[in-house]
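Right, one structure below, let's go through it.
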Amino acid sequence: MGLAQPLLGAIEALGFTTPTPVQAQAVPAAMLGGDWMVSSKTGSGKTAAFLIPTLNVLMNEDTSKLSHAVGPRILVLCPTRELAAQVSTDAINLVKQARGIRIATVVGGMPFPKQIASLKGAAVVIATPGRLLDLANRRQLRLDNVACLVVDEADRMLDLGFAEDLEAIHDLCRSRSQTLMFSATFAPRIMQLASSLMNEPGRLELATAQDKHSEITQTLHWVDGFAHKRKLLAHWLADTSIDQALVFTSTQADADLLAGELEAEGHAAAALHGAMPQAVRNRRLKSLRDGRIRVLVATDVAARGIDVPTISHVINFGLPMKAEDYVHRIGRTGRAGRSGIAVTLAEYRDRSKIMAIERYTQQRLAPSEILGLEPKPQVRREGGGRNDGRGFGDKPRSFSDKPRSFGDKPRSFGDKPRPTFGDRPARSFGDSAPRTFDAKPRFSADAPRRQFGEGSGDSRPGRSSSGDSRPPRRDDR
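One point on numbering: in this note's numbering, the residue at position 434 of the sequence shown is 1190, and numbering is uninterrupted.
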């Protein structure tokens, strides 16, 4: 490919002999210049695909000028701190045999003074957008000398709400000559972002969401509830063939709780999520790479940026909120041609999420069962569905095999038919003595009728105080 000798020496020292498909196409294309959009599945070598051509340009420049340049020449943007740290590690390994090329990492959760000191003379800056803009707004970093901007995991950038930050960074380094954008797929929202950041980009599409992960065995287990799910997790973690396992949960609280329970059960387990200080996250990732942690319980913050070859199993204890995150989760295993196993534990109420994953990947997750840990049979509810192992019954619920008829025979009460109104004897009202009332009348016709106003001084209007025998008016109510 015509690479600089220091870069070739570093590649050989890392044990790389043959480029992956994305590297074979993206490296020569980027070295030709111009803007490029590249899509490739997880674990295919995208990081080296953009680091090799950009670092090669720096190695062909005068290194003395690089050390005195104001601001970086290459800027790489990553959506998460873990991914930025991984890219930074790869970049440092690739420049070990070159002199005068410094790498700086700028991410949130780290002290400002230390990062500001690392930026001095750095030719390559790998950053998350938020902290990068903080330093630029404080005038601690200038971006007008950037020659190449790389946006890694562009789809995740939009998920995390970095669209406005990307536009602001684009304005700060408008004088650049090249932009490289890497994403899992070229969805419409990615195309819209590309149109605002790039100039007539070329496209290299080596993967889509529907590509099958042939090196990853995917398994689906239906569970009855949390207790059943924990038993299945314990069954899988007891497998001696597991080198290291990455267990995904839906929330940070679940990650802490589950990691604590697994550690109490004797597993070398630890949690990882976004609420932890960056120093703690770095230590736990280092422990994972060093083999001191066998089970890492994490949220989707770990779905990107963790490249540990010994992760043999990915277990979805909690399902992802978005179907595309499932692809990135299982991509933490089976990387760089290795094989892996991805296990998904889902309750019947999660059927809609499973179907969304199947629609996104256009692949069916075939359910499987473990002897002794089978889920309880589910009765199909009214409303339809199919019996495909997803908790539906074999046939629709019915109250009777024969339609109910009300005209076949009369309803019966006991052994006698219900009587009709014509069979009843006629009721007689003369059989009993007539009702009598008190012989003394309550009112007497001979008694003088009391007139309003007599003896009371009542002189309300509409009332007559004379001998008028008409009934009193009642409109005063």
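Idealized CB from N, CA, C, for every residue including glycine.
Report buried or exposed for Ile882, applying the criterion of at least 16 other Cβ atoms within 10 angstroms of its Cβ. Position 126 of the sequence shown, counting from 1, holds the residue named residue 882. Buried, since its Cβ has 16 or more Cβ neighbours within 10 Å.
Closest to Asp900 by CA distance: which of Ala1079, Leu928 and His1084 is it? In the sequence shown, residue 900 corresponds to position 144, counting from 1. Measuring from the Cα of Asp900, the nearest candidate turns out to be Leu928.
Whole angstroms are fine: how far does the CA of Val907 sit from the CA of Pro784? As a working mapping, residue 784 is identified with position 28 in the sequence shown. As a working mapping, residue 907 is identified with position 151 in the sequence shown. Straight-line Cα distance between these residues: approximately 18 angstroms.
I need the DSSP call for Gln853, collapsed to helix, strand or coil. Counted from its first residue, the sequence shown places residue 853 at position 97. Coil at Gln853, not helix or strand.
N- and C-terminal bounds of the alpha helix (DSSP H) containing Gln781: As a working note, residue 781 is residue 25 in the sequence shown. Its alpha helix (DSSP H) spans residues Pro777 to Leu788.
Extent of the continuous beta strand (DSSP E) to which Asn1072 belongs: The sequence position of residue 1072 within the sequence shown is 316, counting from 1. Element bounds for Asn1072: Ile1067 to Asn1072.
Cβ-based burial, Met954 [other Cβ within 10 Å; buried from 16]: Here the question's residue 954 lines up with position 198 in the sequence shown. Label assigned to Met954: buried.
Using 8 angstroms as the limit for Cβ to Cβ distance, is Ala785 near chain D? No chain D is part of this structure, which consists of one protein chain only.
Look at the Cβ atom of Ser795, then the Cβ atom of Leu962, and state whether they are nearer than 8 angstroms. On the sequence shown, position 39 is the one that residue 795 refers to. On the sequence shown, position 206 is the one that residue 962 refers to. Yes, these two residues count as a Cβ contact at 8 angstroms.
Test item: CB-CB of Met1238 and Leu905 under 8 angstroms: Coverage of the chain is limited to positions 757 through 1233, which leaves residue 1238 absent and any answer about it impossible.
Along the alpha helix (DSSP H) that carries Thr1117, what are the first and last residues, could you check? The sequence position of residue 1117 within the sequence shown is 361, counting from 1. Segment Arg1107 to Thr1117, the alpha helix (DSSP H) holding Thr1117.
Along the chain, where does the alpha helix (DSSP H) that runs through Ser952 open and close? Translated into the one-based positions of the sequence shown, residue 952 becomes position 196. Run containing Ser952: Pro944 to Leu953, per the alpha helix (DSSP H) assignment.
Evaluate Ser1168 with the Cβ neighbour count: other Cβ atoms within 10 Å of its Cβ, from every protein chain shown; 16 or more gives buried, anything less gives exposed. Within the sequence shown, residue 1168 is the residue found at index 412, counting from 1. Its pLDDT being 47, under 50, Ser1168 is placed unreliably by the model, and nothing is read from it.
Please determine, among Ser1043, Gly1074 and Pro775, the residue with the shortest C-alpha to C-alpha distance to Ala1102. Numbered from 1 along the sequence shown, position 346 holds the residue referred to as residue 1102. When only C-alpha atoms are compared, the closest one is Gly1074.
Residues near Phe938 in its chain [Cβ-Cβ closer than 6 angstroms; skip 5 each side]: As a first step, residue 938 must be located in the sequence shown, where it is residue number 182. Correct list, in chain order: Val794, Lys802 and Asp908.
Alpha carbon to alpha carbon, how far is Asn849 from Pro1076? For this step, residue 849 is matched to residue 93 along the sequence shown. For this step, residue 1076 is matched to residue 320 along the sequence shown. Distance between the alpha carbons of Asn849 and Pro1076: 33 angstroms.
How big is the Cα-Cα spacing for Leu1127 and Lys1078? If you number the sequence shown from 1, residue 1127 lands on position 371. If you number the sequence shown from 1, residue 1078 lands on position 322. Those two C-alpha atoms are separated by around 31 angstroms.
In this structure, how does DSSP classify Met815 when only helix, strand and coil are distinguished? To locate residue 815, count along the sequence shown from 1; it is residue 59. Helix.
Could you spell out the range, first to last residue, of the alpha helix (DSSP H) harbouring Glu1017? One-based indexing of the sequence shown puts residue 1017 at position 261. Run containing Glu1017: Gln1008 to Ala1020, per the alpha helix (DSSP H) assignment.
When you compare each of Trp978, His977, Glu1021 and Thr1055 to Ala1009 by their alpha carbons, which one comes out closest? As a first step, residue 1009 is located in the sequence shown; it is residue number 253 there, counting from the start. If we check each option's Cα against that of Ala1009, Thr1055 comes out closest.
Where do the N-terminal and C-terminal ends of the alpha helix (DSSP H) with Phe743 fall, by residue? Past the boundaries of the shown model lies residue 743; the chain is included only from 757 to 1233, so the question cannot be answered.
Short Cβ contact (8 angstroms threshold) for Ile1086 with Thr975: Taking the first residue of the sequence shown as 1, we reach residue 1086 at position 330. Taking the first residue of the sequence shown as 1, we reach residue 975 at position 219. Cβ atoms of Ile1086 and Thr975: not closer than 8 angstroms.
Sorted by chain position, which residues of the same chain lie with C-beta nearer than 8 angstroms to Ile1049's C-beta, five sequence neighbours on each side aside? The residue labelled residue 1049 in the question sits at position 293 within the sequence shown. Once the five neighbours on either side are set aside, the close Cβ partners of Ile1049 are Gln1000, Ala1024, Ala1025, Ala1026, Arg1040 and Ser1043.
In whole angstroms, what is the alpha-carbon distance linking Ala841 and Asp1081? Within the sequence shown, the letter at position 85 stands for residue 841. Within the sequence shown, the letter at position 325 stands for residue 1081. Using only the alpha carbons, I get a separation of about 20 angstroms.
For Ala883, the three-state DSSP class (helix, strand or coil): Taking the first residue of the sequence shown as 1, we reach residue 883 at position 127. Three-state result, Ala883: strand.
DSSP beta-bridge partners of Phe706: Because the chain here runs from 757 to 1233, residue 706 falls outside it and cannot be looked at.
N-terminal and C-terminal residue of the alpha helix (DSSP H) that Gly765 is part of: To locate residue 765, count along the sequence shown from 1; it is residue 9. Counting along the chain, the alpha helix (DSSP H) containing Gly765 begins and ends at Gln761 to Ala769.
Can you tell me whether DSSP reads Thr810 as helix, strand or coil? The sequence position of residue 810 within the sequence shown is 54, counting from 1. Thr810 falls in the helix class under three-state DSSP.
Coil, strand or helix - Gln871 by DSSP: The residue given as residue 871 occupies position 115 in the sequence shown. It is helical.
I'd like to know whether the C-beta atoms of Glu1019 and Arg1094 end up nearer to each other than 8 angstroms. Residue mapping note: residue 1019 aligns to position 263 of the sequence shown, counting from 1. Residue mapping note: residue 1094 aligns to position 338 of the sequence shown, counting from 1. No; because the gap between Cβ atoms is not below 8 angstroms, this pair is not in contact.
Does the structure place the stretch 768-776 close enough to the stretch 930-945 that three or more beta carbon pairs sit under 8 angstroms? no
Are the stretch 872-887 and the stretch 786-793 in contact at 8 angstroms, needing three or more beta carbon pairs? no
Helix, strand or coil for Ile1005 per DSSP? Start at 1 with the first residue of the sequence shown, and residue 1005 comes out as number 249. The sequence given here has Thr at residue 1005, not Ile. Coil.
Close beta carbons around Ile1067, own chain, < 6 angstroms, minus the five adjacent residues each side: Here the question's residue 1067 lines up with position 311 in the sequence shown. Excluding positions up to five away in sequence, the list reads Gln1000, Leu1002, Arg1088 and Thr1089.
Hey, could you find the ends of the alpha helix (DSSP H) His926 is sitting in? Against the sequence shown, residue 926 aligns to sequence position 170. Segment Ala919 to Leu928, the alpha helix (DSSP H) holding His926.
Check each candidate in Asp915, Arg894 and Ile998 and name the one with the smallest Cα separation from Ile1071. The residue given as residue 1071 occupies position 315 in the sequence shown. Per the Cα distances, Ile998.
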